[in-house]
Structure formats: structure tokens, C-alpha cells
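For what it's worth, numbering that gives the first Met the number 0 labels the leading residue of the sequence shown as 0, then goes sequentially.
The beta carbon of each residue, even a glycine, is placed where N, CA and C say it ideally should be.
Keep in mind that this is a model prediction, so the values were computed, not measured.
Note sheet for the following structure.
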Amino acid sequence: MPGPRANTSLAIALAALADSDLVEQLLSSDDEYRVMCGAICVGARVADADTHARLQALAVDERWRVREGVVIGMQEAADTDLGIVQSVVRSWASQPDPLIARAAVATICEPRLLRSPAAAAIAIEVCGRASTVLTNTPRATRRSPAARALRQALGYCWSVAVAADPHPGLAAFNALDITDPDLEWIVRSNRGKKRLQRLL
């Protein structure tokens, strides 16, 4: 739909209806919104192992809406098959590409997916793994768009994960090495979130 904002509700509805031919048409489009719709469709089919390589390719796309489509699609899949999505994000969170780790964090740190201590524990684990990916990124490349996107995601996702189960969450969060300047920024950013301020 035209306008400054992408119609994500329409895209999510499409994901439930699109057949494989339509998905291919969307992904091959020159229009960013259509490709985002295709990414949502693929993400929603994450239970199909054949989609994983394509999902990773979309998760590192230069267009942020397309990357976000992967996250939205996998969150939709998690509403019906949380275990599959948890397995994928745990694997992705340790991938050296910051955008893959970013997709993992952004996918799982969604409050509606963290309604049990076990689910919260996975989100905390994913945040921890992704934070390690960032600190393992050479300082010379930490200002790359990919590394900055991961840092930005971690700058709010930690607070979502911690709020879902505060006792173990705060233990993991407080263990972050704030002598690293990026982790110090991440800790400071999360501490500024109201959901975390209430706990602190």
C-alpha cells in the first residue's frame, strides 16, 4: 500500500494465504514492500528446513524493511510453533554475521513469545550469545551498518528478555562486561527503558 509506513497487517494476512508461486513473485520484485511481504511469507514457513538458507539471505539484505520482514514472519510462526523458532534463533544468535544475530534477537525478544520462564531463558541466552558476537567483532568494523544494527537491537532487547523473568535475567544482564564500550552503551540504553527501570 502507498504511504510512508509499510502496511504490516496486510503483509501478515498475505503470509497466511500466499502460495509458493506468489511468494517467488514477491521476492523477485523491485519493490521493497513486496519483497518485505515475501520475507514475511518465508519467515512464517520457518518450520520448513528448506527455507532456512533463504531466510538467512533475507536477514542480511541491505534493505531494513526486508530484514524486518524475516523477524515478523518468524514471530508469526512462533505463535503456533514456538519450539521451532526458538531452535532457529538459538542457532542464529551465535552466527558471526551481526545481521543474522540481530534477526535472532529481534525475533525472540517479543513479549507475547516470553510468557513462561523457559521461553524467557531462551531469550536471555540469545541476547547473551548475540552480545558475544558483537564483542567478537573487530573494533575496526564495529561501526559498520551490520554491527550497528545488532548493537541497536541489543540496546532494547535485553530489557524485554530481563522483564520476562527478572531474577535470572538481571543476573545475566548485570554480568555484561561494561568495560567494552559497546556493551556499556547497551547496558545504559536498556537501563533507560521503563520496563527495566521498574525492576531496578
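Three-state secondary structure (DSSP) at residue i?
{"i": "residue 181", "result": "helix"}
{"i": "residue 191", "result": "coil"}
{"i": "residue 118", "result": "helix"}
{"i": "residue 19", "result": "helix"}
{"i": "residue 153", "result": "helix"}
{"i": "residue 144", "result": "helix"}
{"i": "residue 6", "result": "coil"}
{"i": "residue 25", "result": "helix"}
{"i": "residue 197", "result": "coil"}
{"i": "residue 113", "result": "coil"}
{"i": "residue 131", "result": "helix"}
Need the endpoints of the alpha helix (DSSP H) that residue i sits in, please.
{"i": "residue 165", "result": "165-173"}
With a threshold of 7 Å between beta carbons, is residue i in contact with chain D?
{"i": "residue 116", "result": "Annotation note: the requested chain D is absent from the structure, which comprises a single protein chain."}
query = Quick one: complete alpha helix (DSSP H) runs, 4+ long, within the stretch 30-111?
reply = 31-43, 51-58, 63-77, 81-91, 97-107
task = Tell me, please, whether the stretch 136-148 touches the stretch 169-177 by the rule of three or more beta-carbon pairs shorter than 8 Å.
result = no
Contact between the stretch 85-100 and the stretch 54-72 (3+ Cβ pairs under 8 Å) = Judged by Cβ distances under 8 Å, the stretch 85-100 makes contact with the stretch 54-72, as three or more pairs qualify.
query = Does the count of Cβ pairs from the stretch 69-88 and the stretch 99-114 closer than 8 Å reach three?
reply = Contact between the stretch 69-88 and the stretch 99-114 is present, because at least three Cβ pairs lie under 8 Å.
message = I'd like to know if the stretch 14-21 and the stretch 37-50 are in contact, where contact means that at least 3 CB-CB pairs between them fall below 8 Å.
response = yes
query = Do the stretch 61-72 and the stretch 113-125 meet, that is, are 3 or more Cβ pairs less than 8 Å apart?
reply = Touching, no.
key: Meets three-Cβ-pair contact criterion under 8 Å: the stretch 151-159 and the stretch 183-190   = yes
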